[in-house]
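Comments concern the structure below.
Number of protein chains: 4
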Amino acid sequence: MAESARYPLRVAYHETDAMGVVHHSNHIKYFEEARVDFLRNKNLMSQHHPDGPLVFAVVELWTKYFKTARFDEELEVWTQARLNGLRIEFQYALFSRRTKTFIAQGTTQLIALGADLKPKRLPTEFTDAFASEGWDEVWPPKI
Amino acid sequence: MAESARYPLRVAYHETDAMGVVHHSNHIKYFEEARVDFLRNKNLMSQHHPDGPLVFAVVELWTKYFKTARFDEELEVWTQARLNGLRIEFQYALFSRRTKTFIAQGTTQLIALGADLKPKRLPTEFTDAFASEGWDEVWPPKI
Amino acid sequence: MAESARYPLRVAYHETDAMGVVHHSNHIKYFEEARVDFLRNKNLMSQHHPDGPLVFAVVELWTKYFKTARFDEELEVWTQARLNGLRIEFQYALFSRRTKTFIAQGTTQLIALGADLKPKRLPTEFTDAFASEGWDEVWPPKI
Amino acid sequence: MAESARYPLRVAYHETDAMGVVHHSNHIKYFEEARVDFLRNKNLMSQHHPDGPLVFAVVELWTKYFKTARFDEELEVWTQARLNGLRIEFQYALFSRRTKTFIAQGTTQLIALGADLKPKRLPTEFTDAFASEGWDEVWPPKI
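The listed protein sequences correspond, in order, to chains A, B, C and D. Oh and the first sequence: position 46 is 46 in this note's numbering, straight run, nothing missing. Oh and the second sequence: position 105 is 1105 in this note's numbering, straight run, nothing missing. Oh and the third sequence: position 43 is 2043 in this note's numbering, straight run, nothing missing. Oh and the fourth sequence: position 127 is 3127 in this note's numbering, straight run, nothing missing.
Structural data, given as structure tokens:
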């Protein structure tokens, strides 16, 4: 897996809840940040911008939580992606640098929308960029 | 379905994103608010409080997004719940009062944790309260 | 003070932090929700909508925190507003129904922007609506 | 000003609102992240941790917004701090790498609380670390 597909972050205080751990809604935000980083590393961000021709809408998401993460803990989001018809499927695994284990995993399905919020075909930049992309059937990957 | 299982809300400006619609991470927060409201209506909140003997951790969630919602739009979260071994399964459907349609659905699986963050059996208040609870196999419900 | 200027809310679990209390950034969101509610009660929301001719930008804010609030606590945002040249000044006091005391106060200064994000004069609906509005020099008000 | 006092960040999609820009509540989160980073660079984080002897509560904040920031824009939070009796005063300036200008500024006043949420004296690690800290009377600094 390419190094570019690991997005590092640190748990902010405002992301914790009264249980003393990251609130489960913030994993969704971490996945989004990793997804944007993934597209940026493939030079696909000009397509993603609000001023660009397309926006990407999440149409489905799934998350499984194994372990908690605490304030200031260093995490990484490992990401892989593939095309599936009109959809882009992203798969995430949230890794703790402290415990060296995965603490959560998730998927999101996205579609491209035009300015009219109607579904659009993915541009060839996308299909080309994803054509050579690997996909790990075992997820989270063995470490 | 009991009226108590419909949690009303209005889309706040801070919940919208640059696409002009509710950001998909906020649905997770809406579901949580509806879940707390559901437990409050069953007098189960004394169990849920940070000062109480148990906390509830989301171990899995799934969401499907059909349509967008805009600033100030009036929504309802329709909720049903059932016990599944040590887990509580909540099912949600997000209804728009404007369009009279469901715009998203989701599920969360929760487990009860003690102060040591170890899984605990659900107290009898819970199992009793859920014993008589209905469950709609067709979800979102027909309207 | 008119009853319409009291916006009720309940602290959501996702608004708490590892200290077990509402994170200080959420007060800013509470104030925004109260501000929108205040404008809605004056029938000024058609002006505020993203599809409307104007948006309102916060250009300055100030908050003072006296006491904490916990999960599920019932609060009220008391709000007053006045025009100040091109600005609308809102003043907020956050009241706890549990302790019957104010736990925070704040102000925001807003200006109206056109679709080009340039400052605009306030429409006469605004100046008329605010002309008869009272203003309490002592704030938070005596209770 | 030391390089360590510049905290870099990138605007996340989930931080934008329907106006297409960073929502004003997120500046408060950016300031918090910069404050934590500032303390980390001074090796004062062991004091700050939820498991540590102290927590730090924001008792007052003020923010002024000059310009907007858009999705994916690269920003820096410039930070300075000084002790003021029992309080720590932080001052922030939010810099856009795109426009090479400051787009917002702010201050927060913090106090240290013990596990009983009562105010405590700052430990000598703090007073020592801040004794040699510079303070720029002109803020945001000239660039």
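Positions of the beta carbon are idealized from the N, C-alpha and C atoms, including for glycine.
- Chain order gives the chain C residues near K1029 (chain B) as A2012 and H2014, where near means a beta carbon separation below 8 Å.
- Under the 9 Å criterion on CB atoms, S25 (chain A) is classed as interfacial with respect to chain C.
- If you compare the alpha carbons of A:V21, A:F71, A:A93 and A:P119 with that of I103 (chain A), the shortest gap goes to A:A93.
- Within the DSSP bridge table, the entry for A1112 (chain B) names B:F1056 as partners.
- The beta carbon of L113 (chain A) is closer than 8 Å to those of L54, V55, F56, A57, P119 and K120 in its chain, skipping five residues each way along the sequence.
- A check of alpha carbon separations from N2026 (chain C) across B:F1126, B:R1070, B:V1022 and B:E1015 identifies B:E1015 as the nearest.
- Residue state for V1011 (chain B) is assigned as coil, using DSSP reduced to three classes.
- Selection D:F3126, D:L3110 and D:F3071 evaluated against L3009 (chain D) yields D:F3071 as nearest (Cα-Cα).
- Of the other Cβ atoms in all chains shown, 16 or more fall within 10 Å of the Cβ of K1029 (chain B); this residue is therefore buried.
- Here the alpha carbons of H1023 (chain B) and P2123 (chain C) stand approximately 30 Å from one another.
- Of the other Cβ atoms in all chains shown, fewer than 16 fall within 10 Å of the Cβ of E1074 (chain B); this residue is therefore exposed.
- Membership of F1126 (chain B) in the alpha helix (DSSP H) is indicated by the continuous run T1124 to A1131.
- The closest CA to that of P1140 (chain B), considering only B:G1134, B:E1032, B:D1128 and B:G1106, is found on B:G1106.
- Assigned with DSSP and collapsed to three states, N1043 (chain B) falls in coil, not helix or strand.
- Using a CB distance below 9 Å, the part of the stretch 69-81 of chain A facing chain C consists of R70 and F71, ordered along the chain.
- Here R3082 (chain D) is exposed. Its C-beta has fewer than 16 other C-beta atoms within 10 Å.
- Here L3061 (chain D) is near W2062 (chain C), since their CB atoms are less than 9 Å apart.
- In summary, A3115 (chain D) is exposed, with fewer than 16 beta-carbon neighbours lying within 10 Å of its beta-carbon over all protein chains present.
- In the displayed model, E76 (chain A) falls within a strand according to three-state DSSP.
- A Cβ-Cβ separation of about 7 Å places A3018 (chain D) in contact with Y1013 (chain B) under the 8 Å criterion.
- In the structure shown, the three-state DSSP call for V1022 (chain B) is strand.
- I2088 (chain C) is classed as buried because its beta carbon has at least 16 other beta carbons within 10 Å across all chains shown.
- For R2070 (chain C), the secondary structure class from DSSP, reduced to helix, strand or coil, is coil.
- The continuous beta strand (DSSP E) containing E1089 (chain B) extends over residues R1087 to S1096.
- Taking a contact as a CB-CB distance under 8 Å, the pair F1031 (chain B) and T1108 (chain B) counts as one, their CB atoms being some 6 Å apart.
- Listed as beta-bridge partners of Y1030 (chain B) by DSSP are no residues whatsoever.
- Chain D has no Cβ within less than 9 Å of the Cβ of W2139 (chain C).
- F2102 (chain C) is bridged by DSSP to C:F2095.
- At a C-beta separation below 7 Å, E125 (chain A) has no neighbours in chain D, since its nearest C-beta there lies roughly 17 Å away.
- Remark: C-beta atoms of V1059 (chain B) and M1045 (chain B) do not approach each other more closely than 9 Å.
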